[in-house]
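Peer 1: Next up is a structure, given as structure tokens.
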Amino acid sequence: MTMPVITGTRVVPVAGRESILLNPGGVHGPYFTWNLGLLTDASGGTGEGTAPGGEDTRRTPEDAAR
């Protein structure tokens, strides 16, 4: 079995609004940021994933591709 070869990456930052939420870590504000990651391989397959937002998180896949 051969490993897939990643041929494309794309990170889409997403921002939204939700009600204030109380959780064990405290209360977070009414806005959130999230990153949607898309990877494409040489066979045309696409993988998707998400991670909490922020510019550093959004930029990491771009930095890794260099």
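Following our numbering, the numbering of the sequence shown begins with 794 at its first residue and continues without gaps. The beta carbon of each residue, even a glycine, is placed where N, CA and C say it ideally should be.
1. Within a Cβ cutoff of 8 Å, which residues of the same chain sit near E855, ignoring the five residues on either side of it in sequence?
2. If you run the structure through DSSP and keep just helix, strand and coil, what is E851?
3. Quick one: Cα of G822 to Cα of G846, how far?
4. Tell me whether the beta-carbon of T843 lies closer than 8 Å to the beta-carbon of L829.
5. Less than 8 Å between the C-beta atoms of P797 and A857, yes or no?
Peer 2: This is what the structure gives:
1. Stepping through the sequence shown from its first residue, residue 855 is reached at position 62. So the list reads T802, V804, once near-sequence residues are dropped.
2. By 1-based counting over the sequence shown, the position of residue 851 is 58. Contrary to the premise, residue 851 reads as Arg rather than Glu in this sequence. Reduced to three states, the DSSP call for R851 is helix.
3. To locate residue 822, count along the sequence shown from 1; it is residue 29. To locate residue 846, count along the sequence shown from 1; it is residue 53. In a straight line, the C-alpha of G822 is about 14 Å away from that of G846.
4. Here the question's residue 843 lines up with position 50 in the sequence shown. Here the question's residue 829 lines up with position 36 in the sequence shown. Using a Cβ distance threshold of 8 Å, T843 and L829 count as a contacting pair.
5. The sequence position of residue 797 within the sequence shown is 4, counting from 1. The sequence position of residue 857 within the sequence shown is 64, counting from 1. Not closer than 8 Å, so no.
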